[in-house]
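Peer 1: Just so you know, the sequences run in chain order A and B.
Residue numbers for the first sequence follow my numbering, so the first one is 364 and each next one is one higher.
Residue numbers for the second sequence follow my numbering, so the first one is 8 and each next one is one higher.
Beta carbons are placed, not taken as given, at the ideal position from N, Cα and C, and that holds for glycine.
Predicted model, so just to flag it, every value in this text is computed and none were measured.
The structure that follows is given in the form of structure tokens.
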Amino acid sequence: MFSLVKSMSLEGLNGYLVEVQSDVSGGLPSFDIVGLPDTRVKEAKERVKAAIKNSGIDFPSRKIIINLAPADIRKEGTFFDLPMAIGILIAIEELDKTTLKDFEKTIFLGELSLDGKINSINGILPMCIEAMKLGIKKVIIPKENEVEASIIKGIDIIPVTNLLEVINYIKGKKVIDKNNSLNNFNLENENKYMVDFSEVKGQENAKRALEIAAAGGHNCLLIGSPGSGKTMLSERLITILPDLTFEEALEITKIHSISGEIEKGGGLRTIRPFRRPHHTSSPVSIIGGGRIPKPGEISLAHFGVLFLDELPEFKKSTLEVLRGPLEDGNVTISRVNSTLTYPCNFMLIASMNPCPCGYYGTDDNKCNCKESSIQKYIGQVSGPLLDRIDLHIEVKPVEYKKVSSDEKVESSAEIKKRVNKARKIQIERYKGLNIYSNSELTPNLIEQYCKLNKNSKIILEMAFERLGLSGRAYGRILKVARTIADLDNSEKIEQNHVAEAIQYRNLDRKYWKRG
Amino acid sequence: MKEININDDIYPNMLKKIKNPPKKLFVEGDLENLNSNCISIVGSRECTEYGKRWCEKFIKKFSRYDITIVSGLALGIDGIAHRQALNSNMKTIAVLPCGLNNIFPNEHKGLFKQILKNGGTVISEYESETKAEYQKFLERNRIVAGLSIATLVVEAAYRSGTTVTARIAKEAKRDVFCIPGSLDNIKSLGTNILIQKGYKMAISPNDIISNYNFLERKKRKVKKEQISKEYKDLYCIINNEPKDINYIMKKTKIDLSELMVKLTMLELEGKIKKVAGNRYIKI
Numbered sequence: 364m365f366s367l368v369k370s371m372s373l374e375g376l377n378g379y380l381v382e383v384q385s386d387v388s389g390g391l392p393s394f395d396i397v398g399l400p401d402t403r404v405k406e407a408k409e410r411v412k413a414a415i416k417n418s419g420i421d422f423p424s425r426k427i428i429i430n431l432a433p434a435d436i437r438k439e440g441t442f443f444d445l446p447m448a449i450g451i452l453i454a455i456e457e458l459d460k461t462t463l464k465d466f467e468k469t470i471f472l473g474e475l476s477l478d479g480k481i482n483s484i485n486g487i488l489p490m491c492i493e494a495m496k497l498g499i500k501k502v503i504i505p506k507e508n509e510v511e512a513s514i515i516k517g518i519d520i521i522p523v524t525n526l527l528e529v530i531n532y533i534k535g536k537k538v539i540d541k542n543n544s545l546n547n548f549n550l551e552n553e554n555k556y557m558v559d560f561s562e563v564k565g566q567e568n569a570k571r572a573l574e575i576a577a578a579g580g581h582n583c584l585l586i587g588s589p590g591s592g593k594t595m596l597s598e599r600l601i602t603i604l605p606d607l608t609f610e611e612a613l614e615i616t617k618i619h620s621i622s623g624e625i626e627k628g629g630g631l632r633t634i635r636p637f638r639r640p641h642h643t644s645s646p647v648s649i650i651g652g653g654r655i656p657k658p659g660e661i662s663l664a665h666f667g668v669l670f671l672d673e674l675p676e677f678k679k680s681t682l683e684v685l686r687g688p689l690e691d692g693n694v695t696i697s698r699v700n701s702t703l704t705y706p707c708n709f710m711l712i713a714s715m716n717p718c719p720c721g722y723y724g725t726d727d728n729k730c731n732c733k734e735s736s737i738q739k740y741i742g743q744v745s746g747p748l749l750d751r752i753d754l755h756i757e758v759k760p761v762e763y764k765k766v767s768s769d770e771k772v773e774s775s776a777e778i779k780k781r782v783n784k785a786r787k788i789q790i791e792r793y794k795g796l797n798i799y800s801n802s803e804l805t806p807n808l809i810e811q812y813c814k815l816n817k818n819s820k821i822i823l824e825m826a827f828e829r830l831g832l833s834g835r836a837y838g839r840i841l842k843v844a845r846t847i848a849d850l851d852n853s854e855k856i857e858q859n860h861v862a863e864a865i866q867y868r869n870l871d872r873k874y875w876k877r878g
Numbered sequence: 008m009k010e011i012n013i014n015d016d017i018y019p020n021m022l023k024k025i026k027n028p029p030k031k032l033f034v035e036g037d038l039e040n041l042n043s044n045c046i047s048i049v050g051s052r053e054c055t056e057y058g059k060r061w062c063e064k065f066i067k068k069f070s071r072y073d074i075t076i077v078s079g080l081a082l083g084i085d086g087i088a089h090r091q092a093l094n095s096n097m098k099t100i101a102v103l104p105c106g107l108n109n110i111f112p113n114e115h116k117g118l119f120k121q122i123l124k125n126g127g128t129v130i131s132e133y134e135s136e137t138k139a140e141y142q143k144f145l146e147r148n149r150i151v152a153g154l155s156i157a158t159l160v161v162e163a164a165y166r167s168g169t170t171v172t173a174r175i176a177k178e179a180k181r182d183v184f185c186i187p188g189s190l191d192n193i194k195s196l197g198t199n200i201l202i203q204k205g206y207k208m209a210i211s212p213n214d215i216i217s218n219y220n221f222l223e224r225k226k227r228k229v230k231k232e233q234i235s236k237e238y239k240d241l242y243c244i245i246n247n248e249p250k251d252i253n254y255i256m257k258k259t260k261i262d263l264s265e266l267m268v269k270l271t272m273l274e275l276e277g278k279i280k281k282v283a284g285n286r287y288i289k290i
């Protein structure tokens with residue numbers, strides 16, 4: 364007998380429909396899966412066999428062939444266990460598909476245990492989104508993925524825990540209700556982060572710089588001695604970034620879903636991701652890849668922050684791969700099996716010591732580094748990468764007195780209010796240009812939107828002449844000045860905005876250079 | 008390029024007096040500098056922030072007198088000395104360990120041109136195509152020391168070329184001054200040992216200048232620029248010790264973004280300077 368059960372698979376960020384066709388016929392007992400299955404899919408054989416047997420049904424000693432159509436796309440993952448089991452049961456007439464309403468418009472997803480339990484799988488969200496687009500009415504999914512799947516409205520989510528439950532459900536013996544109370548996510552929840560800027564005492568200049576970075580979406584580089592609070596500050600950056608919109612949250616959740624980064628029972632990701640790859644990470648782990656490409660750290664940091672601690676310690680090849688994605692906001696990965704594009708619209712925050720010993724520029728003149736070695740150390744970060752970093756922030760350790768004082772410090776919520784306001788101005792200004800923040804301005808647009816008045820021009824000229832700024836600083840200063848003006852709610856860029864922006868180009872200054 | 012012989016009038020007088028003066032010199036740039044009052048600055052090629060800072064401070068003070076700075080165009084202290092001399096509108100002489108068409112080190116080709124452009128001089132005792140070799144560095148050092156009335160050792164590692172230059176200078180009966188350094192700093196060990204051996208210690212530029220009453224003070228353009236009122240409070244707080252921006256903010260009670268604007272303005276006017284670590288000092 365032949366049967367057909369619908370299921371889904373993933374290609375990149377999108378799901379596609381897979382038909383699980385089962386045929387059970389006479390002949391020597393065998394069990395074969397065709398349709399380009401990878402090892403994980405092939406191993407389903409044993410899981411399906413044991414799960415059916417342990418659910419109290421005899422596994423047929425006949426010739427079984429399962430085809431996964433379309434047969435020309437490589438299938439991977441464990442989501443086909445459940446549809447295969449159901450397909451076999453229908454094919455041996457243990458189940459009757461007519462007893463389930465809308466069986467043709469039902470999708471089965473789930474991994475089986477040997478005892479028939481149904482385990483959670485990755486990528487539920489993108490698959491459910493695609494299912495809804497295809498007009499599917501019901502999805503039968505593992506109970507653990509229920510919250511994630513229920514982000515999608517307009518489709519019946521049937522959470523199940525074991526194979527027997529599914530069998531009884533199809534037979535009409537058991538009613539499984541959709542839990543409707545799961546859809547309560549709040550994108551504007553105030554206390555969703557574990558950290559807050561009010562915990563950072565002192566460091567006013569760094570906080571101001573990060574506020575500007577958040578307001579304009581600028582990439583920044585924190586330079587400071589060990590223990591000066593670079594990491595602490597960076598971790599708190601996401602707390603002042605604007606709230607996610609539903610579309611953004613959905614896209615983040617999709618990426619995290621297919622990478623298996625969503626914790627058990629988790630639903631929509633309402634907070635911005637903060638990714639912090641170790642400096643031994645390989646280029647592939649950063650931008651994504653693999654035989655069948657998977658999203659890398661930059662895609663997992665989509666709409667959030669990618670924090671590279673100890674920047675010069677990263678391998679050169681790892682840093683250089685960031686150049687394209689930083690510019691484009693997405694990354695295309697080509698492999699023999701497929702070519703996929705993942706979004707990666709992230710803010711880059713990097714941190715580094717000012718010199719090999721780490722103490723160059725501290726008050727007690729602890730640093731005994733040779734000038735040449737300081738140069739070499741800074742030189743490890745390539746010019747093209749520095750070109751994509753708008754703000755250089757120098758961070759200094761805070762004295763004990765300040766750390767222990769009860770001085771009142773501004774909280775993230777207060778800073779965020781100003782950031783949100785500045786972002787709104789930008790979104791309004793760049794309507795129809797397909798960009799959302801000042802950091803995305805191209806040279807052409809800089810000319811159009813960052814016009815300077817006469818006084819500002821003079822200041823900028825003088826800065827280049829007297830402070831030894833390098834040419835690459837020009838566009839960066841204008842962009843940052845634009846953001847400062849937005850924070851100031853000023854339509855024009857005034858001279859004080861430019862003057863402040865100049866202060867954030869430390870690495871272009873002479874004192875970092877030879878001699 | 009000019010070639011001058013030991014018997015020429017223009018041949019530097021001071022240099023004639025050493026034990027083995029070069030027979031001829033190849034000179035590029037202003038010849039007059041060769042017979043001016045020279046102070047040579049020597050130090051480590053791999054200097055530290057400390058050496059750089061004090062080297063610059065001493066030269067700044069020297070710039071008030073008619074002094075020419077002599078050094079070897081090497082990396083580190085030499086380069087810093089030449090640059091600071093140029094910045095302070097002083098004449099400077101670079102003595103090369105190689106031919107004049109074969110500048111060593113490569114990184115300082117730009118500096119070489121700058122020195123010539125600003126009325127400085129570059130000399131060498133070697134034919135124009137000669138390449139730099141280890142032996143020639145020591146030979147060069149005798150000219151550096153020989154040209155000058157005094158030699159200032161800024162930073163020197165233990166048993167380095169710099170300490171050799173100090174010894175050569177002493178043998179030529181020239182004054183040698185050493186800037187003392189921290190015991191933590193290995194690049195100050197050489198200078199500290201020199202002091203221990205009886206070389207003179209220079210704590211301030213005056214320790215050197217006061218020995219030579221023939222040095223004339225340059226007429227300074229007395230132009231006490233006024234600091235406008237709004238910057239006055241701020242300017243008073245910043246002094247020769249680097250001050251952190253958060254500290255300045257606390258003291259002046261100016262709003263941070265406004266403070267940054269004011270600091271930029273003062274910086275552009277050339278009143279203050281930003282140094283590593285987001286700190287500011289007076290110029």
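(1) So, with DSSP's three-state summary, where would you put R224(B)?
(2) With DSSP as the reference, identify every bridge partner of C45(B), one or two as the case may be.
(3) Quick check on C813(A) - is its C-beta less than 9 Å from some C-beta in chain B?
(4) Measure the C-alpha to C-alpha separation of T402(A) and L832(A) and round it to an integer number of angstroms.
(5) Find the residues of chain A that neighbour G79(B), judging by a C-beta separation of less than 7 Å, and give them in chain order.
(6) Exposed or buried, what is L145(B) when buried is set at 16 or more other beta-carbons lying within 10 Å of its beta-carbon?
(7) Contact between the segment 197–207 of chain B and the segment 152–167 of chain B: three or more CB pairs below 8 Å?
(8) Indicate the three-state DSSP secondary structure (helix, strand or coil) for G878(A) in the structure shown.
(9) When the Cα atoms are used, what is the spatial distance from K337(A) to M267(B)?
(10) Between the Cα of V387(A) and the Cα atoms of I396(A), E562(A), M557(A) and M364(A), which residue gives the shortest distance?
(11) Note down the Cα distance separating I186(B) from A173(B), rounded to an integer number of angstroms.
(12) With a cut-off of 9 Å, does the C-beta of C185(B) fall near any C-beta of chain A?
(13) Tell whether a beta-carbon distance below 9 Å holds between K369(A) and K468(A).
(14) Mind checking Y740(A): buried by the 16 CB within 10 Å criterion, or exposed?
(15) Since C730(A) meets chain D, which of its residues come closer than 8 Å, beta carbon to beta carbon?
(16) Tell me which same chain residues have a C-beta within less than 6 Å of the C-beta of R877(A), skipping the five on either side of it?
(17) From L399(A) to L748(A), what does the alpha carbon distance come to, in whole angstroms?
(18) Could you tell me the boundaries of the alpha helix (DSSP H) in which S713(A) lies?
(19) Is G284(B) close to chain A, meaning its C-beta is less than 9 Å from at least one C-beta of that chain?
(20) Is there a Cβ from chain A that is less than 9 Å from the Cβ of M272(B)?
(21) Can you give me the Cβ contacts of I696(A) inside the same chain, cut-off strictly under 6 Å, excluding the 5 residues immediately before and after it?
(22) If we ignore side chains and look at the alpha-carbon of each, how far apart do Y723(A) and R71(B) end up?
(23) Cβ of V744(A) within 9 Å of Cβ of P675(A)?
(24) Pairing CB atoms from the segment 375–382 of chain A with CB atoms from the segment 415–423 of chain A, are three or more of them under 8 Å?
(25) With distance defined between alpha-carbon atoms, name the residue in N797(A), N783(A) and K464(A) nearest to A577(A).
(26) Taking just the CA atoms, how far does P446(A) sit from H642(A)?
(27) Could you tell me if R845(A) is buried or exposed, where buried requires 16 or more neighbouring beta carbons within 10 angstroms of its beta carbon?
(28) From S476(A) to T441(A), what does the alpha carbon distance come to, in whole angstroms?
(29) Confirm, please, whether the CB-CB distance from N285(B) to N869(A) is below 9 Å.
(30) Whose CA, out of S135(B), E114(B), E53(B) and M272(B), lies closest to the CA of C732(A)?
(31) Around the C-beta of M557(A), are 16 or more other C-beta atoms found within 10 angstroms, so that it is buried, or is it exposed?
(32) Take the Cβ of L391(A) as the centre, count every other Cβ of all protein chains shown within 10 Å, and call the residue buried at 16 or more, exposed below.
(33) Would you say S735(A) faces chain B, with C-beta separation under 9 Å as the test?
(34) So, does the segment 666–680 of chain A touch the segment 707–724 of chain A, judging by three or more C-beta pairs under 8 Å?
(35) Determine, using beta-carbon pairs with one atom in the segment 36–55 of chain B and one in the segment 140–159 of chain B, whether at least three such pairs fall under 8 Å.
(36) Identify the continuous beta strand (DSSP E) that holds I755(A) and give its terminal residues.
Peer 2: On the basis of the data shown:
(1) strand
(2) T75(B)
(3) no
(4) 57 Å
(5) Residues of chain A passing the Cβ test: none, with the nearest at roughly 14 Å.
(6) A residue is called buried when at least 16 other Cβ atoms come within 10 angstroms of its Cβ; L145(B) does not meet this threshold and is exposed.
(7) yes
(8) With a pLDDT of 35 at G878(A), under the threshold of 50, the modelled position of that residue is not reliable, and the figure given next carries that caveat. Coil, per DSSP.
(9) Outside the shown range of chain A, which is 364 to 878, sits residue 337(A), and nothing can be said about it.
(10) M364(A)
(11) 12 Å
(12) For C185(B), the answer is no, since every Cβ of chain A falls outside 9 Å of its Cβ.
(13) yes
(14) With 16 or more other Cβ atoms within 10 Å, it is buried.
(15) Here chain D cannot be found, since the structure's protein chains are A and B.
(16) Annotation note: pLDDT 40 at R877(A) (below 50); position unreliable, coordinate value reported separately. Cβ neighbours of R877(A) beyond the five flanking positions: Q738.
(17) When only Cα atoms are considered, L399(A) and L748(A) end up about 41 Å apart.
(18) As written in the sequence, residue 713(A) is Ala, which differs from the Ser given in the question. Per DSSP, A713(A) belongs to no alpha helix (DSSP H); it is in the beta strand (DSSP E), M710 to M715.
(19) yes
(20) yes
(21) G651, G652, P656 and L703
(22) 30 Å
(23) yes
(24) no
(25) N783(A)
(26) Taken atom to atom, the span from the alpha-carbon of H642(A) to that of P446(A) is near 42 Å.
(27) buried
(28) 11 Å
(29) yes
(30) E53(B)
(31) Exposed, by the Cβ-count rule.
(32) exposed
(33) yes
(34) yes
(35) yes
(36) Note on identity: in this sequence residue 755(A) is His, with Ile being the wrong assignment. From DSSP, the beta strand (DSSP E) with H755(A) extends over L754 to V758.
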